[in-house]
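Asker: Line order of the protein sequences matches chains A and B. According to our numbering, the first sequence is numbered sequentially starting from 1. According to our numbering, the second sequence is numbered sequentially starting from 1. Please read through the structure below; I'll follow up with questions.
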Amino acid sequence: MKAIELVGITKTFGSIHANQDVNLDVEKGEILSLLGENGSGKTTLMNMLAGIYFPDAGHIFVDGQEVVIKSPIDAFKYKIGMVHQHFKLVDLFTAADNIILGEKMPPFSIKEQTQEYKIQAANEISALSAELDEKERKKAIGKINNKRNLKTCALPFIKFGKIVAFNHLSRNRAKKIQAIADQYGFEIDLKKKVYELSVSEKQTVEIIKVLYRGADYLILDEPTAVLTPQEIQKLFAVMRKMRENGKSIIIITHKLNEVMEISDRVAVLRKGKFIGVVNTKDTSEKELTEMMVGAKVDLDIHRDLPVNPQPRLVVNNLTVLNKEGHKAIDDVSFVVNGGEILGIAGISGNGQKELLEGIAGLQHVVGGDVIFYNPKENKPVTFFHNDLRQIKQKAANGMFHYPDGSPVDLKGKSAKEITKLVNDEQILYYENEVIDLNKKTPREIQELGIKLSFVPEDRLNMGLVGNMSIVDNMMLRSYRKGKSIFVNRKRPKALADKIIEDLGVVTPSDMTPVRRLSGGNVQKVLVGREISSSPKVLMSAYPVRGLDVNSSYLIYNLLNEQKARNTAVVFVGEDLDVLLALSDRILVLCGGKVSAIVDARKVTKEQIGLLMTKLPDEIERYDYESAKESLETHEPEQTASEEPALDLAEKEDKTND
Amino acid sequence: MTKIHEPLFHLAKNSNVNPRRKWALRGIVFVISFFVCAIVSVGLTGKGMDYFFKYFFEGLFGSERNAWNLFHETAILLLIALAVTPCFKMKFWNIGGEGQVLMGCLGCAVAINFMGGKVSDAATIIVSIILAIAFSTVWAVIPALFKAKWNTNETLLTLMMNYIAVCLVNFFIKSVATSGTGILVFSNGVVGSIFGNEFVLKIIVVAVLTTLMAIYLKFSKHGYELTVVGESPNTAKYVGIKTKAVIIRTLVLCGVLCGIAGFLLISATNHSINDTSVGGRGFVGVLISWLGQFNPIFMAIMSFLVVFIERGSNALANGGISLGESYPSIMTGIFFFFIIAVEFFVNYKFVFREDLQAKIDLCTAKIKGVFSKKKQVEEIENSNKASDSVSEEIVEEAVEESAVTVEENEEIPSTEDVEEKEGK
C-alpha cells in the first residue's frame, strides 16, 4: 500500500501556477528524492503536505484514506513531519525545550492520582517482607504512609504547574528524546541553548523534533545546503537508519550527486508540473538533468589557464568587525590576481560577507590594508632618465609585453630604444597606480575612478531596490553623474534594454519592479549592471544561490568572460563542486581566519570540507580524535543504553531523598 | 467516500488587477460610505433622508463663500499632506506634522504680534514668512538629527514634539495676550484678499507646490535618493548615498512646507492663533499621504473627499440638526473605515470551496439570467416595435419563462399565508 499519495494537486499564487496537477506517491520505508530547479514548486508541494498551504485542488491520501490537511497540527495527526530549510527554532530555549514546544499536556486529575497513590502504597505495604517484627513493620508502614501523604499534598501544585505549562515537562521528556537520538545515532547535547548550536546541530534538533512527535513520513527541505561534506555523510547515515526502521522520507534537493547517493526513487518537477518518477538505479545524472531542465545541458564548467596574472588586489592582515562588534574577519591576508578567479569556500557565516563588504568599504575595518593596483595600460613613457636596471626590474615584474601577451626580452636594448618601442605601441607597458582602499567609503572608491564591482549575496536587500523598476535600478550606480538636479533615465533605459536582451531577462517590460522577477532574472539584472561598468575587480557573493541550472551556467560564463578580460574575480560559493570546477585558486575561511589558500586544480572536496571546519593546526589533533572516536563507536549500543539508565537511577535517588 | 472538512474559503492575493478597476472599486466604496453616513445620521436624528442631503449640500455649495471654502480647506490639508509625504516615502515615520505646522503658526504669530502696525504690512508679511519657515524647520530637523546621529525612534519623538508645540503656543499667548480667552487676534500685518477674493492665493500656492512636489519626487535626483534610502537602506549604503544627509535634507523640505502652511493658516486665513489652529490636519495629512499612495495627484483627490465629508457634516451639525461637535468626526470616521477597508478587497480575493463556489456560480447565473432575459425581452419587444420580422415564438418562450420565475416567487408567500390561516 502506498504510504502517501497526492492526486491532482494544484496551487496557484495570483497568476503563478506553483503546482499544476501533480501526482506523487511514496512507499513505506523508502527515500524519495524530489528533484527540481529553484522555483519549480517542490517546497510548495511539500508545504501542502505539511499543512502550511492548502491546495486549490486535488486530493491527499495517507495510508489509502483521503485526508484534509489544514494545519501543521493536522499533518502531525497523520504522522507527517517536515524539516524546513529555514529552521523554526526558539534561540533562547534549550534543544530539549524546542523539541517539546507546542506539545499538549495530558489531562491531569488529582482524584485519580490520589487513588493511584493509595493503590501504590497498599501494594508497597503488602510487599513488605513477613520477616519484620511488629515494631519495624509499623515503622515501615508509617514511612510509606507519610510518603503518600506528602505526595498527595504536592498534587495541587503539580496541577497548577501543568495548567500554566510549567517547565516540568522537559525533565521528564528528556529521557524519551535522548532515546530517539540514540536510536538513530544523533550526536547532540539536548541541554545546550539553540543559539550555541552549529547549523548542523540545529538541523538535528529539527529532525528529532519531528521524530519525537511520532512522524512516520518525514519531509526534509534542502537539508544538505548548509552542511559540509562530512556532515552530509553523517546525515545520510541517519537517513538510512530511519529507512530501516520503516520510515518514509521525502528529501527535497537540486543536487544530483546526492540524489544518486541516497534515494531509492526520484520524482522530478519542472515549472510546477510533474514530469515523472524514475528508479535511481536505472537513471543517470545526465538523464535527471534533462528531465529537470527540459533540454540537454552541458554540465561541464569551462576553465582556462589564467593569462598573465598580475596582483590586482592585495589584502594584508585585514580585520573586520561585524555589527555586534565581534571580529568577523581576523587577520586575513591574500592576493587576487587579474585574470583569475579566486574562489572563497567556507561554511556560511564564517566571515565571507564581512570580508567582501570590508573590501567594498561597507563594513567597519579595524586593521590591515586593502591595496588596489589600478592598471594603466600603455601610456606614453620616457625612460631616458631611468636606470636601465630599474627598467629591467620592471620587465621582470611583467610590465612589458607584446600586444599578443607574450613577454618581452629587453636584452641589448637601450633606454631610448625601449621608450620609442613603447610610444610606438610595439611593446605594451603597464604600470599600476597603487591606491589604498582602506577606510574609504563606497562613494570615495567610486569617485577615485576605481572600477570595483560587487554582487552582494542578499540581492534585493543590498544591490537592488525591489520596488523600483529595472531602469531605476540600472542608474543606482550612475545617477549622480552630471550637474543637473534631475535624473536622466535615457542611458539607464538603454542599458536596461541591452541587459534584458543580452542576458535573456524574462520580464514584461523594463519598467517592471525588480521584486516581481524570479530569482534568476533578478540576479541577471544585478550582475549585468555590475559588469556593464567593465570592472577591474568583480566580487560576487553566492551569485548562483536560488538560480535554475541555465541561469547558473550563464553566470559562470559571465564570470569566465570577466576573467578573460583580465578582471580579478572573487567568487564566494557554497557548492564545492562548482567552486572546484570554476576557480583557479580557493581560499578557505574558517571562523573568520584563512584556513588555507589552495590550488583548485589539485585539491579534493573532502580536503576543503575538512579545512572549512578546522584550521590546519587543529586538523592534526582532529585526525587523532576522529581516530579515537571511530574506535569507540565499535561499542555504541552499550554506552547508549547505559547512560540514560544511570540518569534514571540518579533521579530516582534524588526524589526519594 | 469520507466526509471532508474543507474550509469554506481561503484568501488569495489578487495580483495583476487592472488599475482602472481598482479605482472604480474605490469610487464605488466612496459612494457607499457616503450613503452609510446618510443612513447613520438619519438613524441618529430620526429625520428624513432628504433632510440630510439638503443640509449637507447646502453647507458645501449653498453659497459662493461655502464653495470657495471647500476648495481652500482642501488646499491647506493637501499642503500639509505634501509636507509629510517625502518623509514617508523615505520611511521616516514623521507623525509630527501637526506640531511642525503649529510651530510655523507660532513663528508667524510672533512676527505679526511684534511688528504688526509698527512697520509696513509688506515687511511684516515677509518677516512672518521667514519666521514661520524657520520655526517649523527647526521643529522638523530636531528628530531628523537624532535619527541620523543616534538612530532614535522618530515616531515617538515627532509625536511628543507635537505636544511641546501646543504648550509653547499656549505659553506665547498667555505671555502677550491681554484678554484671557486663549486666542490671540491680529488686525494688522496680515495678508488680505487678492483679486477681491481671500481664498484664491492659497489655492494657487498649493497648486504650484503640488506640481513642484510631484516633479521633485519623480524626476529629481533628490527624490530618487530618498526613495532608495526608504526602500532599502543597505542598497543606499552600497551605492554610496549619504543617508544621514538625505534624512536631514528631506526633513528640512518638510519643515519649509509646514512653515508655509503655518503662515497661510495664520496670516492668510484665521488672522488669529490658538492651540487648535491646525485642528488635527497634521494627523489627517498623514492619512491622506498614505491613502494617496504618495502620489500628489491622488492625494489631492483624497483630501478633497475628506474635506467634502467633513465640511458637509459640519454644516449639517451646526445648521440643520443640532448634533454637536462630534458628529463630523463620526462621519469622517465612517468614511475612513470604508476607504481603508476597501484596500483589503482590492489586494485580496476570496477563493471559495468547490461546492460553495458552484452554488455561488448558480446564483449569479440565475441573477444574470433574469437580467439578461428581461433585457432579451425588452430588446425583442423593441425590435418587434421597429420591425415585425422576428418570430413570435422566442418572445413567447422568454416571456413564459420569466413569468414562471415570477410565479414561483409569488407562490411561496401564498402557501405560507394559507398555512397561517389554517393555524389560526
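For every residue, glycine included, the Cβ atom is placed at its ideal position computed from N, Cα and C.
Would Ser641 (chain A) be called buried (16 or more neighbouring beta carbons within 10 Å of its own) or exposed?
Answerer: In the first sequence, the residue the question calls residue 641 (chain A) occupies position 641. Caution applies to Ser641 (chain A), whose pLDDT of 41 falls short of 50 and renders its modelled position unreliable; the value that the coordinates give is listed next. Its Cβ having fewer than 16 others within 10 Å, Ser641 (chain A) is exposed.
Asker: Going by beta carbon distance, what residues of the same chain come within less than 8 Å of Phe571 (chain A), once the five residues before and after it are set aside?
Answerer: Within the first sequence, residue 571 (chain A) is the residue found at index 571, counting from 1. For Phe571 (chain A), where only same-chain residues beyond five positions count, the Cβ hits under 8 Å are Ile341, Leu342, Gly343, Ile344, Ser540, Pro543, Leu559, Leu579, Leu582, Ser583.
Asker: Please say whether Ala148 (chain B) and Ile247 (chain B) have beta carbons closer to each other than 7 Å?
Answerer: Here residue 247 (chain B) corresponds to residue number 247 of the second sequence, with the count starting at 1. Here residue 148 (chain B) corresponds to residue number 148 of the second sequence, with the count starting at 1. Yes, the pair counts as a contact, with Cβ atoms nearer than the cut-off.
Asker: For my contact list, Asn467 (chain A) and Glu231 (chain B) are in at a C-beta cut-off of 8 Å; report their separation, rounded to the angstrom.
Answerer: On the first sequence, position 467 is the one that residue 467 (chain A) refers to. On the second sequence, position 231 is the one that residue 231 (chain B) refers to. With 8 Å as the limit, Asn467 (chain A) and Glu231 (chain B) qualify as a contact, their Cβ atoms being about 5 Å apart.
Asker: Nearest-angstrom Cα distance between Gly142 (chain A) and Ala154 (chain A)?
Answerer: Here residue 142 (chain A) refers to the residue found at position 142 of the first sequence. Here residue 154 (chain A) refers to the residue found at position 154 of the first sequence. So the alpha carbons of these two residues sit roughly 18 Å apart.
Asker: Would you tell me roughly how many angstroms separate the C-alpha atoms of Phe335 (chain B) and Ile76 (chain B), rounded to the nearest one?
Answerer: Locating residue 335 (chain B) in the second sequence gives position 335, counting from the first residue. Locating residue 76 (chain B) in the second sequence gives position 76, counting from the first residue. One C-alpha to the other measures close to 20 Å.
Asker: Could you check which residue in A:Thr152, A:Ile144, A:Ile470 has the C-alpha nearest to that of Ile110 (chain A)?
Answerer: Position 110 of the first sequence, counting from 1, holds the residue named residue 110 (chain A). Closest by alpha carbon: A:Thr152.
Asker: Sort out for me which residues DSSP pairs Arg353 (chain B) with in a bridge.
Answerer: Against the second sequence, residue 353 (chain B) aligns to sequence position 353. DSSP output for Arg353 (chain B) lists no bridge partner at all.
Asker: Less than 7 Å separating the beta-carbons of Ile250 (chain A) and Ile207 (chain A)?
Answerer: For the purposes of this step, residue 250 (chain A) is taken as residue 250 along the first sequence, with counting starting at 1. For the purposes of this step, residue 207 (chain A) is taken as residue 207 along the first sequence, with counting starting at 1. No; because the gap between Cβ atoms is not below 7 Å, this pair is not in contact.
Asker: Along chain B, in chain order, which residues have C-beta atoms closer than 7 Å to that of Thr94 (chain A)?
Answerer: By one-based count along the first sequence, residue 94 (chain A) stands at place 94. Chain B residues near Thr94 (chain A): none, gap ~33 Å exceeds 7 Å.
Asker: For the alpha helix (DSSP H) that Ser326 (chain B) lies in, which residues bound it at each end?
Answerer: Taking the second sequence and counting its residues from 1, the one referred to as residue 326 (chain B) is at position 326. Per DSSP, Ser326 (chain B) belongs to the alpha helix (DSSP H) from 326-347.
Asker: Quick one: which chain A residues come within Cβ less than 8 Å of His10 (chain B)?
Answerer: In the second sequence, counting from the first residue as 1, residue 10 (chain B) sits at position 10. Neighbours of His10 (chain B) on chain A, chain order: Phe54.
Asker: I believe Pro223 (chain A) touches Leu235 (chain A) by the beta-carbon criterion, under 8 Å. Please report the beta-carbon distance rounded to the nearest angstrom.
Answerer: The residue you call residue 223 (chain A) lines up with position 223 of the first sequence. The residue you call residue 235 (chain A) lines up with position 235 of the first sequence. Indeed they touch by this definition, with Cβ atoms about 6 Å apart.
Asker: Quick check for students: name the residue ranges of the beta strand (DSSP E) that lie wholly in the stretch 85-121 of chain B, counting only runs of 3 or more.
Answerer: Correct list: empty.
Asker: Is the stretch 502-509 of chain A touching the stretch 481-493 of chain A, taking contact as three or more C-beta pairs under 8 Å?
Answerer: With the cut-off at 8 Å, the stretch 502-509 of chain A and the stretch 481-493 of chain A do not touch.
Asker: From A:Ser469, A:Ile275, A:Asn473, A:Glu501, pick the residue whose C-alpha is nearest to that of Gly36 (chain A); which is it?
Answerer: Position 36 of the first sequence, counted from the first residue, corresponds to residue 36 (chain A). Considering only alpha carbons, the answer is A:Ile275.
Asker: If you count every other CB in all the chains shown that lies within 10 Å of the CB of Phe372 (chain A), and 16 or more means buried, which is it?
Answerer: Start at 1 with the first residue of the first sequence, and residue 372 (chain A) comes out as number 372. Burial call: buried.
Asker: In the DSSP output, which residue or residues are listed as bridge partners for Gly276 (chain A)?
Answerer: Your numbering for residue 276 (chain A) matches position 276 in the first sequence. According to DSSP, which records beta bridges pairwise, Gly276 (chain A) is partnered with A:Val268.
Asker: Starting from Phe206 (chain B), trace the alpha helix (DSSP H) both ways and give me its first and last residue.
Answerer: As a first step, residue 206 (chain B) must be located in the second sequence, where it is residue number 206. First, the amino acid is wrong: residue 206 (chain B) is Val here, not Phe. Here the alpha helix (DSSP H) through Val206 (chain B) covers 200-219.
Asker: Between Thr44 (chain A) and the rest of its own chain, which residues show a CB-CB distance below 7 Å, the 5 nearest in sequence each way excluded?
Answerer: In the first sequence, residue 44 (chain A) corresponds to position 44, counting from 1. The residues are Lys11, Ala18, Asn19, Tyr53.
Asker: Sorted by chain position, which residues of the same chain lie with C-beta nearer than 8 Å to Asp502 (chain A)'s C-beta, five sequence neighbours on each side aside?
Answerer: The residue labelled residue 502 (chain A) in the question sits at position 502 within the first sequence. The answer, listed in chain order, is Gly528.
Asker: Specify the secondary structure class of Leu184 (chain B) as computed by DSSP and reduced to three states.
Answerer: Locating residue 184 (chain B) in the second sequence gives position 184, where the first residue counts as 1. In this structure, Leu184 (chain B) counts as strand in the three-state DSSP scheme.
Asker: Residues in the same chain with beta-carbon distance under 7 Å from Ile125 (chain A), minus the five sequence neighbours each way, listed in chain order, please.
Answerer: As a position in the first sequence, residue 125 (chain A) is number 125, starting the count at 1. Contacts found: Ile141, Ile144.
Asker: From B:Arg249, B:Leu156, B:Glu354, pick the residue whose C-alpha is nearest to that of Met90 (chain B); which is it?
Answerer: Counting from one through the second sequence, the residue named residue 90 (chain B) turns up at place 90. Of B:Arg249, B:Leu156, B:Glu354, the residue nearest in Cα terms is B:Arg249.
Asker: Please classify Gln100 (chain B): is it buried, with 16 or more other beta-carbons within 10 angstroms of its beta-carbon, or exposed?
Answerer: Residue numbering aside, residue 100 (chain B) sits at position 100 when the second sequence is read from its first letter. It is buried - the Cβ of Gln100 (chain B) has at least 16 other Cβ atoms within 10 Å.
Asker: Should the stretch 453-464 of chain A be regarded as contacting the stretch 217-228 of chain B, the criterion being three or more beta carbon pairs within less than 8 Å?
Answerer: The answer is no - the stretch 217-228 of chain B does not touch the stretch 453-464 of chain A, with fewer than three Cβ pairs under 8 Å.
Asker: From the beta carbon of Lys202 (chain B), is the nearest beta carbon of chain A less than 7 Å away?
Answerer: Locating residue 202 (chain B) in the second sequence gives position 202, counting from the first residue. No, its Cβ sits nowhere closer than 7 Å to a Cβ of chain A.
Asker: Excluding five sequence neighbours on each side, which residues of the same chain lie with their C-beta closer than 6 Å to the C-beta of Lys273 (chain A)?
Answerer: For the purposes of this step, residue 273 (chain A) is taken as the residue at position 273 of the first sequence. Closer than 6 Å at Cβ, skipping near neighbours: Gln20.
Asker: How would you label Gln115 (chain A), buried or exposed, when you count the other beta carbons within 10 angstroms and need 16 or more for buried?
Answerer: Your numbering for residue 115 (chain A) matches position 115 in the first sequence. With fewer than 16 Cβ atoms within 10 Å of its Cβ, Gln115 (chain A) is classed as exposed.
Asker: Since Gly259 (chain B) and Thr124 (chain B) are thought to touch, with beta carbons under 8 Å apart, how far apart are those beta carbons, to the nearest angstrom?
Answerer: Numbered from 1 along the second sequence, position 259 holds the residue referred to as residue 259 (chain B). Numbered from 1 along the second sequence, position 124 holds the residue referred to as residue 124 (chain B). Rounded, the Cβ-Cβ distance is 16 Å, inconsistent with contact.
Asker: Please report the straight-line C-alpha distance between Lys174 (chain B) and Asn270 (chain B), rounded to a whole angstrom.
Answerer: Taking the first residue of the second sequence as 1, we reach residue 174 (chain B) at position 174. Taking the first residue of the second sequence as 1, we reach residue 270 (chain B) at position 270. For Lys174 (chain B) and Asn270 (chain B), the distance between alpha carbons rounds to 19 Å.
Asker: Kindly say whether Lys3 (chain B), judged by its beta-carbon, lies nearer than 7 Å to any beta-carbon of chain A.
Answerer: Sequence index remark: in the second sequence, residue 3 (chain B) carries index 3 (1-based). Residue confidence for Lys3 (chain B) is low, a pLDDT of 43 falling below 50, so the modelled location carries little weight; the figure read from the coordinates is stated next. No, Lys3 (chain B) lies away from the interface with chain A (no Cβ there is under 7 Å from its Cβ).
Asker: Going by alpha carbons, who is nearest to Leu49 (chain A) out of A:Gln203, A:Tyr217, A:Lys416, A:Thr289?
Answerer: Position 49 of the first sequence, counted from the start, is the residue given in the question as residue 49 (chain A). Looking at the Cα atoms, A:Tyr217 is the closest of the given residues.
Asker: What does Gly463 (chain A) reach in chain B if we use C-beta pairs closer than 7 Å?
Answerer: Translated into the one-based positions of the first sequence, residue 463 (chain A) becomes position 463. Per Cβ cutoff of 7 Å: Thr235, Tyr238.
Asker: Measure the alpha-carbon distance for Lys202 (chain A) versus Ile347 (chain A) and round it to whole angstroms.
Answerer: Along the first sequence, one-based indexing puts residue 202 (chain A) at 202. Along the first sequence, one-based indexing puts residue 347 (chain A) at 347. The alpha-carbon atoms of Lys202 (chain A) and Ile347 (chain A) are separated by roughly 14 Å.
Asker: Counting only beta-carbon atoms, is Phe428 (chain B) nearer than 7 Å to chain A?
Answerer: Outside the shown range of chain B, which is 1 to 424, sits residue 428 (chain B), and nothing can be said about it.
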